[in-house]
Amino acid sequence: MNNSELNNQVGTVMHKDAFVIGQTSLQAAGDVLPFVVTPEGGSVHTFEETLERPLQLKQATILHTAKDLIAYVTRFADSDSMVFVDVLGGKIQAVLDFHQAEKVAGYGANAYQRHCKHTAHFIVSKTPEFEKVVANSGRKMSQMDFALFLEDVMPYVNQPAAAELYEIVNTLQAKTNIDFKSGTRTDNGQVSLTYNENIEASAGRQGNLNIPEQIVFGIQVHRGGEHYALPARFRYRIKDGNIALWYDLDQLEKAIEKSMEDTVTYIREGKTVFNNDDTETALPGVPSFVTILEGSVNI
734 MNNSELNNQV GTVMHKDAFV IGQTSLQAAG DVLPFVVTPE GGSVHTFEET LERPLQLKQA
794 TILHTAKDLI AYVTRFADSD SMVFVDVLGG KIQAVLDFHQ AEKVAGYGAN AYQRHCKHTA
854 HFIVSKTPEF EKVVANSGRK MSQMDFALFL EDVMPYVNQP AAAELYEIVN TLQAKTNIDF
914 KSGTRTDNGQ VSLTYNENIE ASAGRQGNLN IPEQIVFGIQ VHRGGEHYAL PARFRYRIKD
974 GNIALWYDLD QLEKAIEKSM EDTVTYIREG KTVFNNDDTE TALPGVPSFV TILEGSVNI
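The sequence shown runs contiguously to residue 1032 in my numbering.
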């Protein structure tokens, strides 16, 4: 028997032995995870689905309100759980199995690593009314379009008063056949627009339309959040008897930041809400042992 034949015979025997072992032996990695090694290619097949519980927790949950995020974190958090807040991005991310902050012998570090695979995400979405007000800021509108816009957002306007705003809307809608001549700012903080009303078979009639220099929206920035005063400066431009009307929001970023800060304060400390029957309800925040940081983490 030459060397080639001998090698083939040995290989056949080893293959048969490996096949028998693979078919008859169910082993366990660390006495926890069952597996079988098959002879062809030496593949390892695990049977994690047969375990009573998975070896590692992998769960990414998306919550839609701060209240639900608090409830989820409260249920699963431990003393090493972390919450990361992106204020301007409106994103909050909780990592419930974050690294343990403790001395590790032989590592020379203060972090005992964990998988960081159990997360909860909350995107603090802006309200439709807030997005509408923001989207129209700086958009030059015709007389009628501006009237329709004011009529649409009237429930969200704190200043001027509803009656005054309603009168402005009615005047803009009724006086359509007019030529605007000029605009002046008065001592009481209003803009007085002078116009000539075109009346058939007559010389016309002069009038004035007073619009406040500033509009203040009282609006909920984020869903489930508080209402905030959002000032806007009134603007106009007159050309060839036609007028363009618009507003420019002021301190927009501050309103967004303040709303997010209040949301984070609620998550950290809880808050008290007032019910329709004049009673109060205390809503808890996350457990005090959960660390909250401004930032983000890539996992």
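Just so it is clear, CB atoms sit at the ideal spot from N, CA and C, and this is done for glycine as well.
- Message: By the DSSP assignment, the alpha helix (DSSP H) with residue 878 in it spans what residues?
- Response: Taking the sequence shown and counting its residues from 1, the one referred to as residue 878 is at position 145. Residue 878 -> alpha helix (DSSP H) spans 876-886.
- Message: Per DSSP, what are the beta-bridge partners of residue 1013 in this structure?
- Response: The sequence position of residue 1013 within the sequence shown is 280, counting from 1. BP columns for residue 1013 point to 1007.
- Query: When burial is assigned at 16 or more other CB atoms within 10 Å of the CB, is residue 826 buried or exposed?
  - Reply: Counted from its first residue, the sequence shown places residue 826 at position 93. Buried: at least 16 other Cβ atoms inside 10 Å.
- Item | residue 757 versus residue 786 - alpha carbon distance | Numbered from 1 along the sequence shown, position 24 holds the residue referred to as residue 757. Numbered from 1 along the sequence shown, position 53 holds the residue referred to as residue 786. Low per-residue confidence applies at residue 757: pLDDT is 45, beneath 50, and the placement is therefore not dependable, though the value from the model is reported in the following sentence. One C-alpha to the other measures close to 25 Å.
- Please classify residue 821: does DSSP put it in a helix, a strand, or coil? For the purposes of this step, residue 821 is taken as residue 88 along the sequence shown, with counting starting at 1. Residue state, collapsed to three classes: coil.
- Query: When we look at the beta-carbon of residue 868 and count the other beta-carbons within 10 Å, is it buried (16 or more) or exposed?
  - Reply: Reading the sequence shown from its first residue, position 135 is the one you call residue 868. By the 10 Å Cβ count, residue 868 comes out exposed.
- Query: Going by Cα to Cα distance, which pick from 947, 839, 863 is closest to residue 894?
  - Reply: The residue labelled residue 894 in the question sits at position 161 within the sequence shown. Of 947, 839, 863, the residue nearest in Cα terms is 947.
- Query: Taking residue 833 as the reference, which of 1015, 845, 1020, 824 has the closest Cα?
  - Reply: On the sequence shown, position 100 is the one that residue 833 refers to. Considering only alpha carbons, the answer is 845.
- Expressed to the nearest angstrom, what Euclidean distance is found between the alpha-carbon atoms of residue 848 and residue 831? Residue numbering aside, residue 848 sits at position 115 when the sequence shown is read from its first letter. Residue numbering aside, residue 831 sits at position 98 when the sequence shown is read from its first letter. One C-alpha to the other measures close to 7 Å.
- Message: Going by beta-carbon coordinates alone, are residue 876 and residue 976 separated by less than 7 Å?
- Response: What you label residue 876 is simply residue 143 of the sequence shown in a count that begins at 1. What you label residue 976 is simply residue 243 of the sequence shown in a count that begins at 1. Cβ distance < 7 Å, so residue 876 and residue 976 count as in contact.
- Query: CB-CB under 7 Å to residue 871, same chain, minus the five flanking residues each way: which ones, in chain order?
  - Reply: Indexing the sequence shown from 1 puts residue 871 at position 138. Around residue 871: 979, 981.
- Kindly confirm or deny that the segment 951-959 and the segment 988-998 touch, where touching means at least three C-beta pairs closer than 8 Å. yes
- Task: Let me know the secondary structure DSSP gives residue 812 once reduced to three states.
- Result: Numbered from its first residue, the sequence shown carries residue 812 at position 79. Three-state result, residue 812: coil.
- Message: For residue 959 and residue 813, what's the separation of their Cα atoms in angstroms?
- Response: In the sequence shown, counting from the first residue as 1, residue 959 sits at position 226. In the sequence shown, counting from the first residue as 1, residue 813 sits at position 80. Roughly 30 Å separates the two Cα atoms.
- Item | Nearest-angstrom beta carbon gap, residue 1027 and residue 886 [assumed within contact, 8 Å] | Within the sequence shown, the letter at position 153 stands for residue 886. Within the sequence shown, the letter at position 294 stands for residue 1027. Actually they do not touch by this definition, with Cβ atoms about 32 Å apart.
- Should residue 1022 go down as buried or exposed, given a rule of 16 or more other Cβ atoms within 10 Å for buried? Here residue 1022 refers to the residue found at position 289 when the sequence shown is read from its first residue. With fewer than 16 Cβ atoms within 10 Å of its Cβ, residue 1022 is classed as exposed.
- Message: Rounded to the nearest angstrom, what separates residue 852 and residue 1014 at their Cα positions?
- Response: Counting from one through the sequence shown, the residue named residue 852 turns up at place 119. Counting from one through the sequence shown, the residue named residue 1014 turns up at place 281. Between residue 852 and residue 1014, the C-alpha separation is close to 29 Å.
- Task: Could you say which of 889, 1001, 798 lies nearest to residue 962 if we only look at CA atoms?
- Result: Start at 1 with the first residue of the sequence shown, and residue 962 comes out as number 229. Of the candidates 889, 1001, 798, the one whose C-alpha sits nearest the C-alpha of residue 962 is 889.
- Name the residue from 996, 968, 904 whose alpha carbon lies nearest to the alpha carbon of residue 1004. For the purposes of this step, residue 1004 is taken as residue 271 along the sequence shown, with counting starting at 1. Among 996, 968, 904, the Cα nearest to that of residue 1004 is on 996.
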